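Student:
If you want it as structure tokens, here you go:
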């Protein structure tokens, strides 16, 4: 058996401790599979004294992750600190500069600095792997980079934030309003310190940007992801969607269109009986469409100690086996700067709004839509007993987001629309 | 850019022609992803003149696949002829003997000769890859061998024969008997030349044996797979299962138990609202359960030109990238000879039988079950207006297959059971 692969772990939170557990528990199994032992030589974290439920006594300790990254007895730097920049970025850069391979779960760092890091890694002859950064334990980075590498990718979609899916599922099953379920999720510790990362769609947007780069051979372009969170989804939208045979999901969609690369992370209506529609609770799902393979669906736990550590270990084992592939599946120099295309592909939309209860109000809204070139598939005014305002539901035929926005802007001038309408894309999945 | 990876393709049926198409269509994309061009240098098939809808003029032709496998201008031998032995095996052995890597879609050959071929390949410094042999376009061999390599695998399950799933789905949706749907499938060309390979569960059994070897680090052991086809499933079983919230699937299950390795390919009842239960038509699904990752579900097209060629290309690209892993994910010498355990894990069973319509008949059946230690969860006698025979449905509590078989044998002595009862395991998925 050849020499051990020596890893240094920076960050001993849930995931870091999970990696320590797997290496301890499955030492022989990993050695057989990897063809060589995998050994943790050094670790780093903020607090040395904290009890993490794992035995760290056999590992060297570094207070500074940069020092860890530069250690001679570390072959692979495993970055599990998180954070877009700061120590995680500094230590990753130090590891690359020292010619070391990097395994990271850090979607924010890669979404913002991934292209530059990929270039630096290639220049240094190092490899960056990030299976754990996208959809937890689901081996989706590998599926896209390797398993479906013979395909021109048509579209990548995914429900990649378990917290949002938990909230939307719970709103539907318990019939509770957003605010109440949000408070529940917070109490359960499901939310990030900054909840906007979850419910605002940012965390899931980071993941989508990484998958899009691999899928379409483009530089990671997080700033070009159109992001909309789930905060405006009402229990009424969930009910109306269910009535029509749909469920509302925070869905990421990336596709290359004639106008450019479309990247969206936003609430969408999907058929309730589709795999995405059937996804309940905190589970993640990624759907990949390739020109030869058709549609491949991957489903599994998107977070948690075991699943995320499983993904980290897959990358470590690949490196132990000598697998070396460019960060985004092809040399960084061949990644094109994407032309962002805002919701280029036309789709039907669900609209919910409140109208003043006056004769002709509905006609004015219909006229505004017609003038914008948006045609109506079905329209429904419902449930108001002598109220001064009438809730109205409209499903449009396929339209572009531009035409729809044009109509939404024109609603203001009609004087009959109260407040802001809710507009949700209906995605064909 | 480095030298092209030169592949030779033996077998130009649906899948072989699909590979030729992908290489022609995506030459540049593949070169970027693989880090080097992929070039077909030579091909071989039974009939040289046949029009396959692809341009073969740029490739050398060999009548003999063994000669193709030995050519100096072939780096990777792509075996797409099929067949457990014969020319496919001879040519694969020749390629390995010449130190060449092999990519194959041949589940029958690997299920029967996989261990020996893996040993030979390792001795020769060659690699065998077989993503296309299991579940078509779904990258499941990669997910299990690489993506989940940090896990001790608990169970692998799958619906891996699209024809059987098509037949069972169509029986349910159209309310047609097995024989009629079988004839339909035959007319549509969905069946293998020997239909027992499909409906008898053999083809799916081959695939399960390959996944089990990777999952549990055991030598491929196809002979130890308990195989039962779908031929005895009646429309009545499908209806009764649906009534209870289940669907019947030809389900492969492999798990390591205290008594040994359990490998089954047989009809099972699964909850209708589970991912496996929701799988309709010809699609495949594989469920992998690992100690860290939990449950990962993969779904996609299990057959067809595009999907299967996509899987072949993934293996070719991996080899072009220099990825080298042992055939079953660890050195052949470390694969244990499995102890076969017949349906070791206890489960509830669905039983359907016909009883003579006499007082006490049901009591005799219940007594036989009780004596075998099988307890009854629910029992139902249904739908017979003055008929001389009464159909009876029983769902047992969890029991071993041995205890159940004991009871089934005792049914004969009761003198009240007409014909052979149908017994279908209810698998917790």
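Residue numbers (the working numbering), protein chains in the order written: chain A, 1 to 429; chain B, 430 to 858.
Glycine included, each C-beta is placed from N, C-alpha and C at the ideal position.
These numbers were taken from a predicted model, which means no experiment stands behind them.
1) Of all the residues that make up the stretch 748 to 781 of chain B, which are near chain A by a beta-carbon distance shorter than 8 Å?
2) Residue 644/B to residue 283/A, Cα distance in whole Å?
3) In its own chain, which residues sit with a C-beta less than 6 Å from the C-beta of residue 380/A, not counting the 5 before and 5 after it?
4) In chain order, what are the residue ranges of uninterrupted alpha helix (DSSP H) at least 4 long that sit wholly in the stretch 623 to 663 of chain B?
5) Compute the beta-carbon to beta-carbon distance between residue 365/A and residue 416/A, rounded to the nearest angstrom, for a pair I have assumed lies under 8 Å.
6) Would the beta-carbon of residue 680/B fall within 7 Å of that of residue 522/B?
7) Given a cut-off of 7 Å on the beta-carbon distance, is the pair residue 204/A and residue 220/A in contact?
8) With a floor of 4 residues, list each alpha helix (DSSP H) that falls wholly inside the stretch 85 to 116 of chain A, ordered by position along the chain.
9) Going by the CB atoms, is the gap between residue 411/A and residue 431/A shorter than 7 Å?
10) Any heavy atom of the ligand GDP closer than 6 Å to the Cβ of residue 193/A?
11) Along chain A, which residues have their Cβ under 7 Å away from the Cβ of residue 636/B?
12) Is it true that the CB of residue 752/B sits closer than 7 Å to the CB of residue 323/A?
13) Per DSSP, what kind of secondary structure is residue 556/B in: helix, strand or coil?
14) How close, in whole Å, do the beta carbons of residue 150/A and residue 451/B come, if the pair is a contact with beta carbons under 8 Å?
15) With the cut-off set at 7 Å, would you say residue 658/B and residue 687/B are in Cβ contact?
16) What is the residue span of the alpha helix (DSSP H) that residue 793/B lies within?
17) What does residue 151/A reach in chain B if we use C-beta pairs closer than 7 Å?
18) For residue 470/B, which residues from the same chain have a beta carbon less than 8 Å from its beta carbon, with the 5 sequence-adjacent residues on both sides left out?
19) Given residue 232/A, which residues of its chain have a CB within under 7 Å of its CB, disregarding the five upstream and five downstream residues?
20) With burial defined as no fewer than 16 other Cβ atoms inside 10 Å of the residue's Cβ, what is the status of residue 826/B: buried or exposed?
21) Which residues bound the beta strand (DSSP E) around residue 6/A?
22) Between residue 115/A and chain B, is the shortest Cβ-Cβ distance under 7 Å, so that the two count as touching?
23) Could you check what DSSP says for residue 424/A in three-state terms: helix, strand or coil?
24) What does a CB cutoff of less than 6 Å around residue 730/B pick up in its chain, not counting 5 residues either side in sequence?
25) Relative to chain E, which residues along the stretch 678 to 709 of chain B have a C-beta separation below 9 Å, given in chain order?
26) Counting only runs of 3+ residues fully inside the stretch 326 to 363 of chain A, write out the beta strand (DSSP E) ranges in chain order.
27) By the DSSP assignment, the beta strand (DSSP E) with residue 742/B in it spans what residues?
28) To the nearest angstrom, how far is it from the Cα of residue 316/A to the Cα of residue 133/A?
29) Using a 10 Å radius around the Cβ and a threshold of 16 neighbouring Cβ atoms, would you call residue 748/B buried or exposed?
30) Decide yes or no for the touch test of the stretch 764 to 772 of chain B against the stretch 826 to 835 of chain B: beta carbon pairs closer than 8 Å, at least 3 of them.
31) Spell out whether any CB of chain A is found under 7 Å from the CB atom of residue 729/B.
32) Counting Cβ pairs, one atom from each stretch, are 3 or more of them under 8 Å apart for the stretch 76 to 90 of chain A and the stretch 109 to 116 of chain A?
33) Using 7 Å as the limit for Cβ to Cβ distance, is residue 566/B near chain A?
34) Given residue 497/B, which residues of its chain have a CB within under 6 Å of its CB, disregarding the five upstream and five downstream residues?
35) Under 7 Å Cβ to Cβ from residue 181/A, same chain only, skipping five residues before and after it: list those, please.
36) Give the C-beta separation of residue 683/B and residue 548/B to the nearest angstrom, bearing in mind that I take them to be a contact with Cβ-Cβ under 8 Å.
Tutor: So, from the data block:
1) 750, 751, 752, 753, 754, 755, 758, 759, 760, 763
2) 23 Å
3) 393
4) 625 to 628, 631 to 645
5) 7 Å
6) no
7) no
8) 86 to 97
9) Nothing in the structure corresponds to residue 431/A, since chain A is present only between 1 and 429.
10) Summarising the ligand content, the structure contains no ligands, and the ligand GDP is consequently not present.
11) In chain order: nothing, as chain A lies at least about 16 Å away.
12) yes
13) coil
14) 5 Å
15) no
16) 790 to 800
17) 739
18) 435, 436, 437, 488, 489, 500, 502, 503
19) 422
20) exposed
21) 5 to 10
22) no
23) strand
24) 565, 566, 736
25) Of the protein chains in the structure, A and B, none is chain E.
26) 349 to 356
27) It is not in any beta strand (DSSP E) - residue 742/B instead sits in the alpha helix (DSSP H) that spans 734 to 749.
28) 14 Å
29) buried
30) yes
31) yes
32) yes
33) yes
34) 437, 439, 471, 473, 491
35) 167, 170, 171
36) Not confirmed; about 22 Å, so no contact.
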